[in-house]
Amino acid sequence: MILPRSPVDPLPARPGVFAQTLAAAKLRRRRGVLTVSMAAGVVLALTYASFALGASMQRDRGAHTTPAGHDSTTISGTPTPTPDSATPQDGPSVSRGQHGLGQSAGTQPGGPAGPAVSTQPGNPTSYLDGRVVDTSGVGVAGLYVLPSSGESSHFSTDGYVAARTDGDGYYRIGCPRGPVLISPWPVNALVGSAVGNWAPAFVGGGTFAAAAVPPCGGTVGQTVVVPGATVTGTLHLTADCPPEETYDLEVRIGDDPAMTVLLGARPAGATYTVTGLPAGSHTLGAGDHLTSLTLTVEQILTLDTTVDCAPEPPPADSTDAPTGPASEP
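This is how it looks when you write it as structure tokens:
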């Protein structure tokens, strides 16, 4: 049996269905855009991180390394002392907690007592650690540490200051190959100031002609200093000297012209004082005028010196009388 066909009218749409469908489509589109943006951001972040890691590895490959047992800082002086600055220098940056040594930075002659740091060029692998005390065992600050420029027991110096003792008398310098002098003033270099009335002493003992060469890398060696002598006075000129002229003052230790305390150029009427001179024979020089000194321990000598500029008299003519042939009797 065939049923009759008749048109079927569509059901009316519910109110608001079209608006809901459009809103759902827009939401799906926004979520898709957000997902793509996040993926792109992750890719960019990974790319940047890989570039940064590569640059860091490149820098590390190009960096300089310091061999074991060496310091990475080279300290130049001379003071300097670091001591050997002086230098210190006034030297390697090691804290007192590590080595029992205080560090300071001033190794220049005449400067304040600064760090007991070596100023030796290069990075030494062995060091001389020491302390300077008075007879009561109290540390003496600000004294100059002068390693010999030679490798024999005879002390010689070009004025180089490896270090200066710190507030407790400690110092550290690169291992020396000759004697080491502890002094209240630099030797063969212009004196800016003297540090108290302490006579110079060699680490391990000895004299300027023959002193000990201290061993390195051991315990802190102790050097005892005692008071020295003082010379003070005024510089005078004779009438033959130009009044505006200045004259170099110096003290030759042990009468040795190669071992001097240089006081600098002084005009007429200037006063001078040198402390810490060891007992014995020395020479006070003012220009070409030399005065011999004989000092005892803790002596205070007041000695004026006069420069005589009078020209030396010409040598007397010594002409022999002519002699003729001997006459016959």
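Using the working numbering, count along the sequence shown one by one with no gaps and you end on 331. We put the beta carbon where it would ideally sit given N, CA and C, even for glycine.
Alpha-carbon to alpha-carbon, residue 148 and residue 161: 8 Å
message: On the CB-based measure, 16 or more other CB atoms within 10 Å of its CB, does residue 305 come out buried or exposed?
response: exposed
- prompt: Measuring CA to CA, which of 150, 210, 165 and 297 is closest to residue 332?
  reply: Nothing can be reported for residue 332: it is not among the residues displayed for the chain, which extend from 3 to 331.
field: Straight-line gap, residue 196 to residue 166 (C-alpha atoms, nearest Å)
entry: 12 Å
message: Pull the bridge partners of residue 283 from the DSSP assignment, please.
response: 296
message: Could you pull the DSSP bridge partners for residue 250 from this structure?
response: 267
query: residue 302 and residue 284 look like a contact to me (Cβ under 8 Å); what is the Cβ gap, rounded to whole Å?
result: Rounded, the Cβ-Cβ distance is 15 Å, inconsistent with contact.
- request: Would you tell me roughly how many angstroms separate the C-alpha atoms of residue 314 and residue 145, rounded to the nearest one?
  value: 43 Å
- request: Can you tell me which of 270, 294, 264 and 268 puts its alpha carbon nearest to the alpha carbon of residue 194?
  value: 264
task: Can you check the region 133 to 172 for any alpha helix (DSSP H) of at least 4 residues that lies completely inside it and give the ranges in chain order?
output: none
message: What ranges does the beta strand (DSSP E) occupy inside the region 174 to 257, keeping only unbroken runs of at least 3 residues that lie completely in it?
response: 182 to 185, 223 to 226, 231 to 239 and 248 to 254
message: To the nearest angstrom, how far is the alpha carbon of residue 220 from that of residue 130?
response: 8 Å
query: What number of angstroms, rounded off, separates the C-alpha of residue 299 from the C-alpha of residue 292?
result: 22 Å
task: Run the CB neighbour count on residue 181, radius 10 Å, all protein chains shown included, and call it buried at 16 or more, exposed below.
output: buried
message: Out of 270, 152, 128 and 184, which one is the CA nearest neighbour of residue 143?
response: 184
query: Beta carbon of residue 245, beta carbon of residue 211: below 8 Å?
result: no
task: Give every residue of the same chain whose Cβ lies closer than 6 Å to the Cβ of residue 273, excluding the five residues on either side of it in the sequence, and list them in chain order.
output: 236
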